[in-house]
Each structure stands twice: as C-alpha cells, then as structure tokens.
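At position 34 of the sequence shown (counting the first as 1) the number is 34 in full-length UniProt numbering, and the numbers step up by one without a gap. For glycine and all other residues, C-beta sits at the position ideal for the given N, C-alpha and C.
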Amino acid sequence: MASRSFILWLHGLGDSGPANEPIRSLFTSAQFANTRWSFPSAPSQPVTCNYGAVMPSWFDIREIPVTANSPVDESSLLEAVQNVHSMIDKELAAGVDPKNVCVDLG
Numbered sequence: 001m002a003s004r005s006f007i008l009w010l011h012g013l014g015d016s017g018p019a020n021e022p023i024r025s026l027f028t029s030a031q032f033a034n035t036r037w038s039f040p041s042a043p044s045q046p047v048t049c050n051y052g053a054v055m056p057s058w059f060d061i062r063e064i065p066v067t068a069n070s071p072v073d074e075s076s077l078l079e080a081v082q083n084v085h086s087m088i089d090k091e092l093a094a095g096v097d098p099k100n101v102c103v104d105l106g
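(1) How about residue 62 and residue 71: are their beta carbons less than 8 Å apart?
(2) For residue 39 versus residue 9, is the C-beta distance shorter than 8 Å?
(3) With distances taken Cα to Cα, identify the nearest neighbour of residue 105 among 20, 5, 4, 3.
(4) Which of the three DSSP states is assigned to residue 97 in this structure?
(5) Could you give the distance in angstroms between the alpha-carbon of residue 5 and the alpha-carbon of residue 74?
(6) Is residue 13 helix, strand or coil by DSSP?
(7) How would you call residue 85, buried or exposed, if buried means at least 16 neighbouring beta carbons within 10 angstroms?
In structure tokens:
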C-alpha cells in the first residue's frame, strides 16, 4: 500500500475553501489515491489593503503588491502560520510522513 499523503489547499484573499474543492478532480493519477485533501476557509476579518473591508483572509495584508519592504501585521501573520502548523501536525500525528505533505497557496 502506498504511503498516505496530505494536501492542504489555502485559498486566496476573499475566497473560500469549498470554492476550491473542485480542483481535486483534476488530480486523477493513481499517485493521489491515498491523498487526504483539506480546503479550509480563512476567518473573515478587516483587510487593510481593501480599506478595512471584512473578508476571508489568512492574515491582514497592508498593501498590494506585497514586497520585502511592505509593512507586516506580524501578530496576524504568526497566528496564520500557527493555524497551518496545527493542521499539518494533526495529519502527522495520524501517520502521514512529513515528506508527503504539500501546502498550496491559492
């Protein structure tokens, strides 16, 4: 039996996890037969670059385009990283080999 794998698909700003689920149907190779997919939705929160509009966002984005010199809301970014690590840690605890984890940023 092939090793189980895990794909964590993180949607883009203003989108949702369920809206991205159809992408799974494009991965028809037998290599994906033992893959667990996760399509979580980001929490709705004010987003600075969109004039404070409340929308699904993994963290606050201060400006677009984002550059190395862009201001960062470090606390919301670190919270997002911790949430992603929690989702991955759950799969590792269930027996997924860390080499079989993929995170996609939509």
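Concretely, from the data shown:
(1) Counted from its first residue, the sequence shown places residue 62 at position 62. Counted from its first residue, the sequence shown places residue 71 at position 71. Cβ atoms of residue 62 and residue 71: closer than 8 Å.
(2) Sequence index remark: in the sequence shown, residue 39 carries index 39 (1-based). Sequence index remark: in the sequence shown, residue 9 carries index 9 (1-based). Their beta carbons are under 8 Å apart, which means residue 39 touches residue 9 by this criterion.
(3) On the sequence shown, residue 105 is found 105 positions in, with the first residue counted as 1. Nearest in C-alpha terms to residue 105, of all of 20, 5, 4, 3, is 20.
(4) On the sequence shown, position 97 is the one that residue 97 refers to. Looking at residue 97 - three-state DSSP - the assignment turns out to be coil, as it is neither helix nor strand.
(5) Looking up residue 5 in the sequence shown gives position 5. Looking up residue 74 in the sequence shown gives position 74. Take the alpha-carbon of residue 5 and the one of residue 74: they are about 31 Å apart.
(6) Residue 13 sits at position 13 when you count from the first residue of the sequence shown. In the three-state reduction of the DSSP assignment, residue 13 falls in the coil class.
(7) One-based indexing of the sequence shown puts residue 85 at position 85. By the neighbour-count definition (other C-beta atoms within 10 Å, threshold 16), residue 85 is an exposed residue.
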